[in-house]
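Note that UniProt numbering gives residue 414 to position 414 of the sequence shown, counting from 1, and the numbers run on in steps of one.
Below you'll find the structure, written out as structure tokens, and then a few comments.
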Amino acid sequence: MEEEPPTETRRSPPQPLIEEPQPKKLKMSSTTTTSDDEDVNSNSAAPKKQRYKRRKVAIFFAYCGVGYQGMQKNPGAKTIEADLEEALYLAGAVPEQDRGLSKRYDWARSARTDKGVSAVGQVVSGRFYIDPPGFVDRLNSNLSPQIRIFGYKRVTASFNAKKFCDRRRYVYLIPVFALDPNCHRDRESVKASLGSDNELVKCLECSERGRKVEGLIGKRNFEVKTAITESDISSNTVNAIEVSDVQANGVLEDSATTSDSNKQTSVLVENTATELNVGSEGTAKSESSEMSGLGSDSEIVVSKESVNGKEKSSGSFKYGEEEKARFNRILKHYVGTHNFHNFTTRTKAEDPAARRFIVSFDASAIVVVEGIEFVKCEVVGQSFMLHQIRKMMGLAVAIMRNCAPESLIEKALQKDVNINVPTAPEVGLYLDECLFTSYNQKWKDTHEEVSMKAYEEAAEDFKMKQIYSHIASTEHKDGAVALWLHSLNHRNYPDLRVIDEVAKIAKNASLDMETQAET
């Protein structure tokens, strides 16, 4: 029997080796399989803190400047910026390694406010960790009640709160009595009224304190280029222009003072936390009540103010249409592009930074806070220098009080004239809003509008409770403006006299006399 040849067994073709996939990163772990050991390791790593991305944002906030040395951080000084940076760190918006190093997170501010100056619409920008939700609440919990964060807006990577800010609007609240030439006059007039029935006698104490208050007058660090001596001015030419050098014997009677002037009643205004002191005598209907939000029947005291617990008479002076028109005419001299070297410190006329553009300056509205009537002066400009607005207000008030002629503003804006301009107290000034018109127009289709519109209600509430109440209470308690008014005289500010205008008039008068002599 033949043996059958062994049958050849068929083998299946070798299968290609399939390599197991490498374990992927943790962020994709849900789509991969892991071994038991890997699973244990992944579970132990689960509690790791979630990592967030930094976001470029613009932060909107307000603050009351009392007790602070300004907005900008200054080593060794208490500033708004220092408190805000620390709050950002404590809120987790800034990592430990960047603490106190603002350049690392692209920090920028829209405006630098001076010592004691407040803000309602301040804006800063930077790259912060804003997640998880509750960023604003975390910030506010680490800040004093004087600083309040309203919210934030996501912005472009190149956004800079300083460079992208087109205009800035400031408001200065000046008491109405400050515009009255007969209220809180110079000490010589006050002393001359001793022994009389004139109300100026009540200014004796505050006039002594305000006669020469250190820090109000300031110092110039370069010489006056254009000046004339008093010997060049004859007495009759001085009277020919609107310069009122208040004389010691120039005492005016107070027509609004009566024997019943001590009778006062308190009226609490509904929906406000302010108290108006309405006297039984000397009350007047407010001509601007509609502007101030009060009804036409509201009575406002314009004949009495309180400084250091003593009543001060402002006569029958009212900020009526005539006074309003004059004050706005004075402020309008600042509008436009000018050289403001006389309205700041440490900036010479030759410095290009001295040229600034003022968009508008208006003083039409009146507000009443805690019984004091204030004129609301709004100024809008591209940018402002140190003390610029306070000096602009100081000179404008001096002109309203007839301490200087209106023409002096034009002289002060000239490049070749150096004069010492009065600086109004800082307490009445606050930053109202920073405007980003160009940025909003360019990025309106892709980014949120950078503005205060969403926070108007919260900002108004903070302004009334923190800023306005502080301004009024400071005037009641310390009489900041009243003291300054007593220092507003030609002894402290000799440059308030006309410089070239008087010399020109004197020269013309001399020429006329020579012509008459020849004929």
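Built from N, CA and C at the ideal position, the CB exists for glycine as well.
Treat the numbers as computed from the prediction; the structure is a model and nothing was measured.
Taking 8 Å as the upper bound for CB-CB distance, residue 383 and residue 324 are not in contact here, some 28 Å apart. Restricting attention to 84, 152, 390 and 401, the CA atom closest to the CA of residue 141 is found in 84. Restricting attention to alpha helix (DSSP H) runs no shorter than 4 residues, the segment 62-86 encloses none. Per the coordinates, the alpha-carbon of residue 66 lies some 15 Å from the alpha-carbon of residue 479. It is roughly 42 Å from the alpha-carbon of residue 473 to the alpha-carbon of residue 54.
The segment 71-90 and the segment 389-401 do not touch, with fewer than three beta-carbon pairs separated by less than 8 Å. In this structure, residue 413 keeps its C-beta atom at 8 Å or more from the C-beta atom of residue 172.
Looking at the backbone, the Cα of residue 134 and that of residue 56 are separated by about 17 Å. Unbroken alpha helix (DSSP H) stretches of 4 residues or longer found wholly inside the UniProt domain "Pseudouridine synthase I TruA alpha/beta" (331-436): 388-400 and 407-412, given in chain order.
Counting the other CB atoms within 10 Å of its CB gives residue 475 a total of 16 or more, which places it among the buried residues. Note that the segment 422-441 touches the segment 156-176; at least 3 beta-carbon pairs, one per stretch, sit closer than 8 Å. Judged by DSSP secondary structure, residue 477 falls within the alpha helix (DSSP H) whose first and last residues are 469-478. CA-to-CA, the gap between residue 110 and residue 125 works out to about 8 Å.
Here residue 380 is not near residue 407, since their CB atoms are 8 Å or more apart. Distance from the CA of residue 68 to the CA of residue 108, rounded to the nearest whole angstrom, comes to 19 Å. Annotation for residue 393: 172, 174, 377 and 424 place their beta carbon closer than 7 Å to its own, counting only its chain and skipping 5 residues before and after.
Note on geometry: alpha-carbon atoms of residue 410 and residue 326 lie some 16 Å from one another.
Looking from the CA of residue 415, the closest CA among 338, 181 and 465 belongs to 338. Taking each of 333, 80, 335 and 316 in turn and checking the Cα distance to residue 118, the smallest one comes out for 80.
According to DSSP, residue pairing for residue 172 in a beta bridge involves 377 and 429.
Judged by their CB atoms, residue 177 and residue 122 are not nearer to each other than the 8 Å cut-off. By the criterion of a C-beta distance shorter than 8 Å, residue 161 is surrounded in its chain by 58, 108, 109, 110, 123, 124, 125 and 434, once the five residues flanking it on both sides are discounted. Counting C-beta atoms within 10 angstroms of its own C-beta, residue 51 has fewer than 16 neighbours from the protein chains shown and is therefore classed as exposed. In the structure shown, the three-state DSSP call for residue 152 is strand. In this structure, 184 is the residue among 103, 489 and 184 with its C-alpha nearest to the C-alpha of residue 317. Its chain contains 58, 153, 155, 436, 439 and 440 as the residues whose beta carbon lies nearer than 7 Å to that of residue 450, once the 5 sequence neighbours on both sides are disregarded; these appear in chain order.
Excluding sequence positions up to five before and after residue 334, its CB lies within less than 6 Å of the CB of 358, 361 and 392, all in the same chain and listed in chain order. For residue 141, the enclosing alpha helix (DSSP H) has its first and last residue at 135-141. Under the three-state reduction of DSSP, residue 146 is assigned to coil, being neither helix nor strand. Between residue 421 and residue 471, the beta carbon gap of about 22 Å keeps them out of contact (Cβ cut-off 8 Å).
Classified as exposed, residue 101 has fewer than 16 neighbouring CB atoms from the shown chains inside 10 Å of its CB. With fewer than 16 other Cβ atoms inside 10 Å of its own Cβ, residue 453 counts as exposed.
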